[in-house]
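Numbering (this note's numbering), first residue to last: 4 to 562.
Given below as C-alpha cells:
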C-alpha cells in the first residue's frame, strides 16, 4: 500500500494507492508557515481507515526548499570561490557575500596555484565579523581535483569551527563552475532547515508507529530516500511541478504528445510530453534566474489559478496574480476565476448562487454578470495560450525537442491538453475548445500530483571522467577521485564497467539496488591527447542513469 502527499500553494493533497486502485484521498489547506503540520494532517486523515502495517512506502512532494529560496528566508550564507584563471570576478553574480581566493586547478585536474591560507584566514575573519555562520567553498574544476576545496575546508574547521562548511565537489561533479557554485550555495542556505524538517518527519512517523520507506520527490520526477536527501536538499526544489508531470503520466498512460496544465488555486504549472516522455531542462533547474546542476523537467509556473481574484479597475476587468481567499462558491469573500467559469458554464461547483452573487456585487452597475464572466474567460484563456506559446519558444531550444522534430520531420503540435489540479475541470475543457485540441481530465485529476508522487520510482545519475595521462578518475555523485591501476590499456569498456559499478554501489547506499538493473548509458565519449606528434593519453566521459518512471508494481489506475 502506497501513500503520496503533494504540498501545493493552496492545498495539500494525499492519496492511498493499492493494487491499481486509489482507495482514499484527502485535501487540506496548506500552511506555508508550517509545512510539517500540513503534511502530518494529511497523513493522519489518510491513515484513519487503513492498517498502518500495510503501508510500504510514503512519498512526499514538498515546498520547504522552494519556499525558503523564493522568500529569501534562508540564513545568510557566504560563498568562497577559487576561480583560478578566466572570467573576471564580477561574472559570478551569485551572492552579495561572495569572497574570492587565490589558487587554481586546470581542466585536467592539475594544481596550478596553491591556496593562500593567510588570505583565507582574513576572509574568514570578515565572515565571522559579519555574523555569518554558513559558507560554501567552490573551486573551478574542483570536480576534477578537490584538493583546494579540501584544504580550505580543513583549515576552516580547525580555526573557525563555528562555521558550517559545504564543498562544491561534494554537491555536484558536473562541469560548469557558475552552476556548481550556485548549487553549492543554495544547498548550504537550505541544508539546516531541511534537516530540521526531516527530523520532524522522522519523529512524527515514529510516533504514529509507521515503519516503511519514506521518499522525497525530486525536480526530475524521481524519488530520493528521505535520509539521503539530508545531503542534497536542493534536489527537492520544484518537486511540485515534477509531481504534476508524473501525475499526468500516470493518468494518461499513453505515448502521446501533450501539454500538461496543472491548475491549482494560486498557480498553473505547464509541462510538455514528447511521445509520452516529459521534456527536461537541459541546463538544469533555474532558481532565482540562476541555472543549477539540479536535474529538472522543463516546466514553467505562472501566477494564475482557480482562486485568483477578480477586480474591476477603471472599467477594466483584471485577474490578479495572487489569491485573496477561496472561491466565493466555497464560502470565500471575493469573486475568483472559478466563480466566473462556474457562472458562465453552469458548472454547479460548490454553491453556484454564491458565485453569481459575488459576480453581481463586483460588477455592481459597471457590467452584468454575463459580461464580467465572459471578460474573465477571455483573460484566462488568452493568458494560458500566451504562456503555452511562450513555452513552445523556450522548448525549441531544448535538444530533445529539436531531435523530435528532426526525426518526425514536422513541427510539434500537441494532440491533447492534459488537465490536472483542483481548477482544471472548470477551465481546461473551454481552453482546449478555444485552442481546437482534445483534452483529458481524469477522474483523479484533482489528486494527480499526489498519485504521481506515490508511484514514482527512484532515479540516479552517475558521471565518470577518466584521464589516462594523469592516471586519475573522478566519479559523481560523491566526489570520488582515484588512481588508475592500468592506464595504458584502459578502454571505453573499462569506463563503462567502472561507471556501472559506481551506480550499483550508490544505488545500494540509497536503498534502490533493485532499480540499477534498469540503468542505461546516456553519454560515451573518448578523446585522444596528443603531444610531440604522438598520443600521450586518453580522456573518457561516461554517463549512466536510472531514468524517471514508475515503480514496478504500478500498471495503471483502475476507474
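Even for Gly, the Cβ is constructed at its ideal location relative to N, Cα and C.
If you're wondering where the values come from, they're calculated on a predicted model, not measured in any experiment.
Just to confirm my understanding: we take residue 44, look at its own chain, exclude 5 residues before and 5 after, and list those with CB closer than 6 angstroms. What are they? Annotation for residue 44: 31 place their beta carbon closer than 6 angstroms to its own, counting only its chain and skipping 5 residues before and after.
Using only the alpha-carbon positions, how far apart do residue 70 and residue 454 sit? Computed Cα separation, rounded: 22 angstroms.
When you compare the stretch 208 to 222 with the stretch 293 to 304, are there three or more beta-carbon pairs, one atom per stretch, that lie closer than 8 angstroms? Yes, they touch.
Beta carbon of residue 522, beta carbon of residue 242: below 9 angstroms? The answer is no: Cβ separation not under 9 angstroms.
Own chain residues within Cβ distance below 6 angstroms of residue 579, not counting five before or after: Outside the displayed span of the chain (4 to 562) sits residue 579, for which this structure offers no information.
Cβ contact check for the stretch 75 to 84 and the stretch 46 to 61: 3 or more pairs under 8 angstroms: The stretch 75 to 84 is not in contact with the stretch 46 to 61.
When the Cα atoms are used, what is the spatial distance from residue 234 to residue 4? Distance between residue 234 and residue 4, taken at the CA atoms: about 28 angstroms.
Candidates 393, 149, 386, 166: closest to residue 173 by CA position: Among 393, 149, 386, 166, the Cα nearest to that of residue 173 belongs to 149.
Comparing alpha-carbon positions, which option in 135, 39, 133, 278 lies nearest residue 410? Its Cα nearest to that of residue 410, the residue 278 stands out among 135, 39, 133, 278.
Below 8 angstroms on the Cβ atoms is my guess for residue 353 versus residue 326; work out the distance and round it to an integer in Å. Between residue 353 and residue 326 the beta-carbon gap is near 16 angstroms, outside 8 angstroms, which marks them as no contact.
Which residues in the same chain have their Cβ closer than 7 angstroms to the Cβ of residue 40, if we skip the five residues on either side of it in sequence? Cβ within range, chain order: 34.
So what's residue 326 in DSSP terms, helix, strand or just coil? DSSP places residue 326 in strand when its eight states are reduced to three.
Per DSSP, residue 541 is paired with what? According to DSSP, which records beta bridges pairwise, residue 541 is partnered with 531.
Under 9 angstroms between C-beta atoms of residue 379 and residue 347: Yes, the pair counts as a contact, with Cβ atoms nearer than the cut-off.
Counted within 10 angstroms of its Cβ, other Cβ atoms place residue 143 as buried (16 or more) or exposed: Counting of Cβ neighbours within 10 angstroms places residue 143 among the buried residues, the total reaching 16 or more.
So, do the stretch 469 to 477 and the stretch 532 to 542 have three or more beta carbon pairs nearer to each other than 8 angstroms? With the cut-off at 8 angstroms, the stretch 469 to 477 and the stretch 532 to 542 touch.
Cβ-based burial, residue 318 [other Cβ within 10 Å; buried from 16]: Here residue 318 is exposed. Its C-beta has fewer than 16 other C-beta atoms within 10 Å.
If you compare alpha carbons, which of 11, 24, 19, 15 is closest to residue 559? The residue among 11, 24, 19, 15 with its C-alpha nearest the C-alpha of residue 559 is 24.
According to DSSP, simplified to helix, strand and coil, what is residue 124? Here residue 124 sits in helix by DSSP.
Cα-Cα separation between residue 164 and residue 22, rounded to whole angstroms: Rounded to whole angstroms, residue 164 and residue 22 show a C-alpha spacing of 52 angstroms.
Quick one: Cα of residue 183 to Cα of residue 177, how far? Straight-line Cα distance between these residues: approximately 7 angstroms.
Tell me the residue span of the beta strand (DSSP E) that contains residue 81. Its beta strand (DSSP E) spans residues 80 to 85.
Short of 6 angstroms in beta carbon distance, which residues of its chain neighbour residue 445, apart from the five on each side in sequence? Order them along the chain. For residue 445, where only same-chain residues beyond five positions count, the Cβ hits under 6 angstroms are 254.
Residue 189 classed as buried or exposed, judged by whether at least 16 other C-beta atoms fall within 10 angstroms: Of the other Cβ atoms in all chains shown, 16 or more fall within 10 Å of the Cβ of residue 189; this residue is therefore buried.
Looking at the structure shown, is residue 171 part of a helix, part of a strand, or coil, going by DSSP? In the structure shown, residue 171 sits in a helix (DSSP, three-state: H, G or I).
Restricting to Cα atoms, I'd like to know which of 389, 465, 418, 202 is closest to residue 442. Per the C-alpha coordinates, the member of 389, 465, 418, 202 positioned closest to residue 442 is 418.
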